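Report on the following structure.
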Amino acid sequence: MNDEVDLMREREYPMLKDEIYLDHAGTTLYAKSLMERFATEMISNLYGNPHSASPASQASTARIDDVRIKVLEFFNADPVDFDVVFVANATAGIKLVMDAFRSRAHGFTYGYHSDSHTSLVGVRETAAESVCLGSSDVEAMISGSLPFINGGGDGRLGLFAYPAQSNMNGRRLPLRWSGQFRTAPERTPKIYTLLDAAALVSTSKLDLSDVGNAPDFTVLSFNKIFGFPDLGALIVRRDSADVLQSRKYFGGGTVETVACIKEQWHEPKIENIHASLEDGTLPMHNIMALGIAMEVHKELYTSMDRISEHTLSLAQKLYSNLRLLKHANGADVCRLYVRDAHSFEDKSTQGPIVTFNLMDSHGAWVSNTEVEKLATPKLLTYRHGRLGEISLRVTDAAATTT
């Protein structure tokens, strides 16, 4: 396996010749063959703006439609039950959902998990009511023993958002929550679910084949999976799509007709979900690159399961070795924010992220600045800082120093 990885590194990732790259949670690296194949595609074909009827435009439309179907196939999502809305990134997908909910007459109530990325947290600023929830709170809401905030009597909808995987510590939250909210005892308000899958899909398969248990709305960024292109998606469960029509804004490409002189009205496109939500000209070249990226990814790695097993193994090895590091006086070098090495044996609850602080021999924290000074000369790229999470929330159960 190591020989195979070394050969692939040399052949497909020449930019890594003298570098150590450990920030795949930020963005993974693009393969050489992906970039070469994309360049060949661009110089061999003529593509036009898809909002036209010319042959070049129709070629673009056909390619975009093909990639849209391939995206659904990648996540085992039946096109009968789901649609794909192309967006700039996961955050843009979150904002699109937020715009629809806040445009409703009575607004919405919002619950978000404490492991959420700040992009999910920011939605609370537009909600009529909001609350930050721990996992036990979520389970209580599903069982009916805890109400979903206090709203809903005036027809207000509820939205619960959570990450499939924490950016900070790699903890994976139950994907079953979406289906459980949907089948929970009848309550007010009706609760929709928004899943931030960006971190999870970088190394793990997201399976949406069970439409009954799938999230209403799923957001992700493809650069986390393929390195290129810079593109995201909002995957919409068709049975939940009506609420998105509450959105007030409309842009080029999402309407059939607009009147703005004597009368002010517009006729939105209604033939499919994505047509009414993709404002302006689509990033057609990025979408075409995505189709190639999926092909190359399968050729190189065969499956996401293979990637998941390999990366979890690496994370477990890193965790075990960091745990053994000691100063001359026997003091721990690292404070690790993972329960134990066994966490990496269950990919349903833990992703391949190892988070830690460094300490000096007296137990004082070593600053990020000092670590960066040591890492830069070694050509080491890693992720440090606050990581876009709400807080570290260190507890004795979550932190390990021995």
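Start counting at 1 in the sequence shown, then tack on 264, and there's your number in the working numbering.
Just so you know, even glycine gets a beta-carbon here, dropped at the ideal spot from N, CA and C.
Here the structure is a predicted model, which is why all the values come from computation and not from measurement.
Would the beta-carbon of G422 fall within 7 Å of that of H370?
-> The count along the sequence shown starts at 1 and reaches residue 422 at position 158. The count along the sequence shown starts at 1 and reaches residue 370 at position 106. No, the pair does not count as a contact, with Cβ atoms beyond the cut-off.
Proximity below 7 Å, CB of S510 to CB of S367 | Indexing the sequence shown from 1 puts residue 510 at position 246. Indexing the sequence shown from 1 puts residue 367 at position 103. A Cβ-Cβ contact shorter than 7 Å links S510 with S367.
Would you report the Cα separation of V635 and H288, rounded to the nearest angstrom?
-> What you label residue 635 is simply residue 371 of the sequence shown in a count that begins at 1. What you label residue 288 is simply residue 24 of the sequence shown in a count that begins at 1. Each residue's alpha carbon lies about 19 Å from the other.
Is the Cβ-Cβ distance between V677 and G555 less than 7 Å?
-> Residue 677 falls outside the range modelled here, since the chain spans only 265 to 666, and no answer is possible.
Opening and closing residue of the beta strand (DSSP E) in which H370 lies | The count along the sequence shown starts at 1 and reaches residue 370 at position 106. No beta strand (DSSP E) contains H370, which DSSP labels as neither H nor E.
If we ignore side chains and look at the alpha-carbon of each, how far apart do D342 and L336 end up?
-> The count along the sequence shown starts at 1 and reaches residue 342 at position 78. The count along the sequence shown starts at 1 and reaches residue 336 at position 72. When rounded, the distance between both Cα atoms is 7 Å.
Could you have a look at L546 and say whether DSSP puts it in helix, strand or coil?
-> Locating residue 546 in the sequence shown gives position 282, counting from the first residue. Coil.
Out of P411, L564 and R436, which has the shortest C-alpha to C-alpha gap to D608?
-> Locating residue 608 in the sequence shown gives position 344, where the first residue counts as 1. Here residue 608 is Phe; the residue named in the question, Asp, does not match the sequence. Checked all of P411, L564 and R436; the closest Cα to F608 is R436.
Is E268 helix, strand or coil by DSSP?
-> Translated into the one-based positions of the sequence shown, residue 268 becomes position 4. Helix, per DSSP.
Assumed close pair W441, V402 - CB separation to whole angstroms, cut-off 8 Å = Locating residue 441 in the sequence shown gives position 177, where the first residue counts as 1. Locating residue 402 in the sequence shown gives position 138, where the first residue counts as 1. Confirmed, about 6 Å.
Collapsed DSSP secondary structure at E634 in the structure displayed | Against the sequence shown, residue 634 aligns to sequence position 370. Helix at E634.
Straight-line Cα distance separating Q322 from Y646 | Numbered from its first residue, the sequence shown carries residue 646 at position 382. Numbered from its first residue, the sequence shown carries residue 322 at position 58. For Y646 and Q322, the distance between alpha carbons rounds to 43 Å.
Would you identify the three-state DSSP class for A497, choosing helix, strand or coil?
-> Position 233 of the sequence shown holds residue 497. Here A497 sits in strand by DSSP.
From K359, T447, N266 and K611, pick the residue whose C-alpha is nearest to that of D543; which is it?
-> Here residue 543 corresponds to residue number 279 of the sequence shown, with the count starting at 1. Nearest option by C-alpha distance: K359.
Option in K469, S324, G290 and D345 with minimal Cα separation from A505 | The residue labelled residue 505 in the question sits at position 241 within the sequence shown. The option with the nearest alpha carbon to A505 is D345.
Mind checking whether V597 and L589 have CB atoms under 7 Å apart?
-> Indexing the sequence shown from 1 puts residue 597 at position 333. Indexing the sequence shown from 1 puts residue 589 at position 325. Taking 7 Å as the Cβ cut-off, V597 and L589 qualify as a contacting pair.
Pairwise C-alpha distance: Q614 and T666 | Start at 1 with the first residue of the sequence shown, and residue 666 comes out as number 402. Start at 1 with the first residue of the sequence shown, and residue 614 comes out as number 350. Any reading at T666 is ruled out, since the residue's pLDDT is 37, under 50, leaving its predicted position unreliable.
Report yes or no: do three or more beta-carbon pairs, one from the region 293-313 and one from the region 553-568, lie closer than 8 Å?
-> yes
How is the beta strand (DSSP E) around E305 delimited, first residue to last?
-> Along the sequence shown, one-based indexing puts residue 305 at 41. Where E305 is concerned, there is no enclosing beta strand (DSSP E), although the alpha helix (DSSP H) it sits in stretches over K296 to S308.
Whole-angstrom Cβ separation of F339 and G375, contact assumed at under 8 Å?
-> For the purposes of this step, residue 339 is taken as the residue at position 75 of the sequence shown. For the purposes of this step, residue 375 is taken as the residue at position 111 of the sequence shown. F339 to G375, Cβ: 25 Å. No contact.
Provide the residue span of the beta strand (DSSP E) that contains A425, from first to last.
-> For the purposes of this step, residue 425 is taken as the residue at position 161 of the sequence shown. Where A425 is concerned, the enclosing beta strand (DSSP E) stretches over L421 to P427.
Alpha helix (DSSP H) segment containing V331, residue limits | Numbered from its first residue, the sequence shown carries residue 331 at position 67. That run of the alpha helix (DSSP H) goes P319 to F338.
Beta-bridge partners of D460, as assigned by DSSP | Translated into the one-based positions of the sequence shown, residue 460 becomes position 196. Answer is P427 and V483.
Roughly how many angstroms lie between the CA atoms of V361 and D282, to the nearest whole one?
-> Here residue 361 corresponds to residue number 97 of the sequence shown, with the count starting at 1. Here residue 282 corresponds to residue number 18 of the sequence shown, with the count starting at 1. Cα to Cα, V361 sits roughly 42 Å from D282.
Taking only beta-carbon atoms, is M552 less than 7 Å away from chain B?
-> The structure shown contains no chain B; it is built from a single protein chain.
With distances taken between CB atoms, is the gap from R446 to A478 smaller than 7 Å?
-> Translated into the one-based positions of the sequence shown, residue 446 becomes position 182. Translated into the one-based positions of the sequence shown, residue 478 becomes position 214. No. Outside cutoff.
Of the residues V618, L546 and M552, the one placed nearest L576, counting alpha carbons only = To locate residue 576, count along the sequence shown from 1; it is residue 312. The shortest C-alpha separation from L576 is found at V618.
Distance, Cα to Cα, A663 vs A461?
-> One-based indexing of the sequence shown puts residue 663 at position 399. One-based indexing of the sequence shown puts residue 461 at position 197. Note that A663 scores 46 on pLDDT, short of 50, meaning its location in the model is unreliable and no value can be drawn from it.
Would you please state the rounded distance, in angstroms, between the beta carbons of A364 and V507? I believe it to be under 8 Å.
-> Against the sequence shown, residue 364 aligns to sequence position 100. Against the sequence shown, residue 507 aligns to sequence position 243. The beta-carbon distance between A364 and V507, rounded to whole angstroms, is 6 Å. This is short enough to meet the 8 Å contact definition.
With 16 as the cutoff for other CB atoms within 10 Å, does T659 come out buried or exposed?
-> In the sequence shown, residue 659 corresponds to position 395, counting from 1. Low per-residue confidence applies at T659: pLDDT is 47, beneath 50, and the placement is therefore not dependable, though the value from the model is reported in the following sentence. It counts as exposed.
Beta strand (DSSP E) containing F350: first to last residue?
-> The residue you call residue 350 lines up with position 86 of the sequence shown. Start and end: F346 to V351.
Count the other CB atoms, across all protein chains shown, that sit within 10 Å of the CB of V385; report buried if there are 16 or more and exposed otherwise.
-> As a first step, residue 385 is located in the sequence shown; it is residue number 121 there, counting from the start. It is buried - the Cβ of V385 has at least 16 other Cβ atoms within 10 Å.
Between T390 and the rest of its own chain, which residues show a CB-CB distance below 7 Å, the 5 nearest in sequence each way excluded?
-> For the purposes of this step, residue 390 is taken as the residue at position 126 of the sequence shown. Within the same chain, T390 has close Cβ partners M362 and R366.
For Y285: DSSP bridge partner residues | Numbered from 1 along the sequence shown, position 21 holds the residue referred to as residue 285. Answer is T645.
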